[in-house]
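Numbering-wise, the sequence shown is residues 1 to 405 according to the UniProt record's numbering.
Beta carbons: idealized from backbone N, C-alpha and C, even for Gly.
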Amino acid sequence: MENSSPATAPRPVEPPLVRATEPADLLSYIDHSLGFRPRSSCVGLTRRGTSIGAMVRLDLPAALQEGRVDPQHYAELIAGYLSQDVQATDTLIFVFKERVHPEAAGPEPVQDPISGADGALVAALGDALADRGLPLRETWLVDHGCLWHLDCPDPASCPPHGGSVSRSEVSAVNATFIVQGSVVESGPEAARMPVPTERPSLALVAALERAAVGVDDSDYVAAWMQRWERVLDGSAGALSDWSRAELVELVAGLDHVCLRDGLLASSAFTLQRAVSGGEFIRALPRGTSARMGCTPSEASGLLYVSAMLADTVRAPDWDRMDRLREACRDLLPLAAGETASALQCLAAWVDWCRGRGSWAGAVVDQCRARDPYYSMAELLEQLLDQGHLAGWAAREEIAWRRRRP
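The following block contains the structure:
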């Protein structure tokens, strides 16, 4: 668990200045910026002259890859995001298939592996980008551990079986990121959470009973939110130092949607704004704000709702949200039933806000396998299936940046 003291929290890894010269450099940039090698994804990059600007990654659902859905919607999403880079001069596209490691590729890769569905997506992207005044300069396909240049200007210089992606491991960009402390992780499977308990402990049952009685009481809600505030602001230290009784109290309140959503809003901004907004929209009991030294307000109510949709003008507090995700992971072995679903979905929500749709999807899948009708999991799955990018992730100036290990 990372040091939770605000003064010593790890700093974001700032991407180095990247010159768009070699595909291996671009692959390294993508891997380190995302933290993993994409699979079944489309990655779009803008160029600002010879430097890389904005980047977006979108999961490609099986139906799209199999040609069963129109690629226009996905092309518009990618082009819409890239067009927000006002300094962009042109764009680059990488289409990543499921198999990304040579040892997992199986037989010798075939020549020209692009499918009709891939070609349709690339064509739709070219049109959508052109409509926004952004030329699509070059397109690559990554599959079988190899890289194909799909619009190679000189076919004689492009190997028919593609070039090895392992060249990215010795690129100058890869070395620069490694010096900065960046690590490329195994992939979205690293996001999967611990397994919750099948049955609640006696301590959790007692805490759930207290939460059921207290959820409409401002004193209980204020006390519960303040316990969580110690986690979010970093003053609590490691949860391993807390007593089991204290930990199950944190978990028990999550059995109630109003408290779960209040915690979500509090993680994005401040405790006071969350309770002020929650009480204004009548999600939290009357009098909760007064116990926090604030008053209900319409502005806080709007912020409360917008935070849940990850779409506000101001940047969220990424340090608080990072601590929320870590706490969800650490508390999950103590949770059961809907409290476990809440912890999983809060973690998935943070991943979605970060722009890590594959990571969010891995956690949502875990939740739905155990609790298929949990409403927040259903909502997150819909957002992910539609390729909806969190508003915070879509704005480069406020988007989350991966931290050093």
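Measuring only the C-alpha atoms, how far is residue i from residue j?
| i | j | result |
| --- | --- | --- |
| Arg37 | Leu271 | 36 Å |
| Leu92 | Asp311 | 27 Å |
| Arg402 | Leu34 | 8 Å |
| Gly234 | Cys294 | 22 Å |
| Ala79 | Trp148 | 22 Å |
| Thr339 | Ala252 | 7 Å |
| Leu26 | Ser51 | 11 Å |
| Asp151 | Leu129 | 16 Å |
| Pro200 | Glu209 | 12 Å |
| Asp216 | Val305 | 20 Å |
| Leu55 | Gly357 | According to the sequence displayed, residue 55 carries Met and not Leu. One C-alpha to the other measures close to 14 Å. |
| Ala290 | Val257 | 21 Å |
| Gly391 | Ser218 | 32 Å |
| Pro285 | Val184 | 45 Å |
| Asp131 | Ala283 | 43 Å |
| Val43 | Arg368 | 27 Å |
Tell me which residues share the same chain as residue i and place their Cβ nearer than 6 Å to its Cβ, disregarding the 5 neighbours each side in the sequence.
| i | result |
| --- | --- |
| Leu263 | Trp228 |
| Asp118 | Val95 |
| Trp318 | Trp400 |
| Ala207 | Val248, Glu249, Ala252 |
| Phe177 | His32 |
| Ser266 | Ala274 |
| Ala394 | Tyr81 |
Let me confirm a value: residue i is counted as buried when at least 16 other C-beta atoms fall within 10 Å, else exposed. Which label applies?
| i | result |
| --- | --- |
| Gln87 | exposed |
| Gln382 | exposed |
| Glu198 | exposed |
| Tyr374 | buried |
| Asp351 | buried |
| Pro71 | buried |
| Val313 | exposed |
| Gly361 | buried |
| Asp59 | buried |
| Pro316 | buried |
| Gln226 | exposed |
| His101 | Bear in mind that the predicted position of His101 carries a pLDDT of just 40, short of 50, making it too unreliable to give a figure here. |
By Cβ distance, which residues of its chain are closer than 8 Å to residue i, with the 5 residues on each side in sequence left out?
| i | result |
| --- | --- |
| Ser297 | Ser276, Gly277, Phe280 |
| Asp90 | Thr46, Arg47, Leu134, Pro135, Leu136, Arg137 |
Across which residues does DSSP place residue i in a beta bridge pair?
| i | result |
| --- | --- |
| Asp59 | Ser41 |
| His149 | Trp140 |
| Gly163 | Leu147 |
| Glu185 | Phe36 |
What are the boundary residues of the alpha helix (DSSP H) that residue i is part of?
| i | result |
| --- | --- |
| Cys328 | 318 to 331 |
| residue 412 | Outside the displayed span of the chain (1 to 405) sits residue 412, for which this structure offers no information. |
| Tyr304 | 298 to 308 |
| Phe280 | 271 to 280 |
| Val257 | 257 to 268 |
| Met193 | Premise fails: Met193 is in no alpha helix (DSSP H) and is neither H nor E. |
| Leu254 | It is not in any alpha helix (DSSP H) - Leu254 carries neither H nor E in the DSSP assignment. |
| Gln382 | 375 to 385 |
| Ser218 | 218 to 232 |
| Leu121 | 116 to 131 |
Might you give, ordered along the chain, the residues of its own chain that have their beta carbon closer than 7 Å to the beta carbon of residue i, omitting 5 neighbours on each side?
| i | result |
| --- | --- |
| Arg343 | In the sequence on display, residue 343 carries Leu and not Arg. If we look at Leu343 and ignore the five residues flanking it on each side, its Cβ neighbours are Leu254, Cys328, Leu331, Leu332, Ala335. |
| Leu125 | Ala75, Ile78, Ala79, Ile93, Leu136 |
| Ala7 | Since pLDDT at Ala7 reaches only 29, below the 50 mark, its modelled position is unreliable, and the value read off the structure follows with that caveat. Within the same chain, Ala7 has no close Cβ partners at all. |
| Met376 | Cys345 |
| Tyr220 | Gly214 |
| Leu324 | Leu232, Ser267, Leu346, Val350 |
Can you confirm whether residue i, when its beta carbon is compared against all beta carbons of chain C, has any partner nearer than 8 Å?
| i | result |
| --- | --- |
| Leu389 | In the structure shown, chain C cannot be found, because there is only a single protein chain. |
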